[in-house]
Amino acid sequence: MAEALLRARLADVDPSIEVASAGLLFDGRPAERNAVKAMAQRGLDLRDHRSQIISAELLAPASLILGMQRTHVREVVALGPDLFARSFTLIELVHAGRIVGPPVRGETLRGWAERIGTLRSQADYELPDPGSEISDPMGQSARAFRACAETIDARLAELVELAWPTYDATPGDPCVAPATTGGPHADRDRR
476 MAEALLRARL
486 ADVDPSIEVA
496 SAGLLFDGRP
506 AERNAVKAMA
516 QRGLDLRDHR
526 SQIISAELLA
536 PASLILGMQR
546 THVREVVALG
556 PDLFARSFTL
566 IELVHAGRIV
576 GPPVRGETLR
586 GWAERIGTLR
596 SQADYELPDP
606 GSEISDPMGQ
616 SARAFRACAE
626 TIDARLAELV
636 ELAWPTYDAT
646 PGDPCVAPAT
656 TGGPHADRDR
666 R
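Below, the structure is given as structure tokens:
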């Protein structure tokens with residue numbers, strides 16, 4: 476869901492931004508039925524979506540990697556410790572972005588993410604912090620998926636406002652962004 480929501484939010488900002496997703500559990504599966512319904516109610520079509528598994532190769536070029544839960548960030552970092560500097564939960568990045576402010580003129584999205592990443596340590600992820608997570612609605616009702624989509628979209632609106640108003644796009648600067656359900660999803664933006 477987050478892939479579709481972010482793509483829609485970035486369409487007016489920069490239509491050349493490529494957004495894709497990947498997760499922890501399944502490869503080649505269609506989106507969950509309730510996710511398809513929740514997105515259809517927002518005018519977004521997930522019927523052709525197919526899941527893919529995260530990998531170090533997929534995440535390596537990413538400027539930003541977002542998961543919905545701290546376990547997603549831990550799983551990403553297990554693929555490569557160098558990924559930690561630009562891996563966050565969506566809520567965590569929005570909170571930290573408010574403190575740090577938007578990218579400075581000429582700063583890449585990756586540079587901004589890494590600057591924010593210096594504010595924390597990997598040990599922070601060993602402790603629970605439910606306030607920085609968005610619960611996975613898998614196995615729940617259509618209502619739970621709609622509520623999750625609303626939460627994700629609200630945080631994405633804040634992220635786009637923070638990260639892109641003054642962002643000077645650099646051609647080829649990929650970005651990895653949030654998860655739908657089931658794990659950290661690599662959403663890339665190519666500028």
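Residue numbers for the sequence shown follow this note's numbering, beginning at 476 and rising by one.
We put the beta carbon where it would ideally sit given N, CA and C, even for glycine.
Looking at the secondary structure, which residues open and close the beta strand (DSSP E) in which residue i lies?
i: F563; result: S562 to T564
i: G542; result: I540 to G542
Once the 5 residues before and after residue i are set aside, which same chain residues still bring their CB inside 6 Å of it?
i: F501; result: S526
i: V575; result: I591
Taking the alpha helix (DSSP H) that residue i falls in, what are its first and last residues?
i: I528; result: No alpha helix (DSSP H) contains I528, which DSSP labels as neither H nor E.
i: E601; result: Counting along the chain, E601 falls outside any alpha helix (DSSP H), and DSSP gives it neither H nor E.
i: I492; result: Run containing I492: none; DSSP gives neither H nor E here.
i: M514; result: R508 to A515
i: W587; result: L584 to G592
i: V552; result: R545 to L554
i: L499; result: First-last for L499: undefined, no H or E at that position.
Quick check: the Cα distance between residue i and residue j, rounded to an integer number of angstroms?
i: A531; j: R517; result: 32 Å
i: A477; j: P577; result: 21 Å
i: G614; j: G555; result: 30 Å
i: D487; j: V635; result: 11 Å
i: P612; j: L480; result: 16 Å
i: V579; j: P536; result: 21 Å
i: D489; j: T583; result: 14 Å
i: A506; j: H524; result: 6 Å
i: E625; j: R504; result: 23 Å
i: A510; j: A622; result: 11 Å
Taking C-alpha atoms, which residue in the options lies nearest to residue i?
i: R573; options: V488, A638, L499 and I609; result: A638
i: S491; options: A497, L499, G498 and R482; result: R482
i: L499; options: R621, A588 and L533; result: L533
i: G586; options: A553, A560, R522 and D628; result: A560
i: S596; options: I529, A510, S562 and I528; result: S562
Taking 7 Å as the limit between beta carbons, can you name the residues of its chain near residue i, skipping five residues before and five after?
i: Y600; result: R545, V548 and R549
i: A632; result: R484
i: R630; result: L565, I566 and V569
Could you check how far apart the C-beta atoms of residue i and residue j are, in whole angstroms? I think they sit under 8 Å.
i: V569; j: L558; result: About 19 Å; that fails the 8 Å criterion.
i: A571; j: L594; result: 6 Å
i: A617; j: A515; result: Not confirmed; about 11 Å, so no contact.
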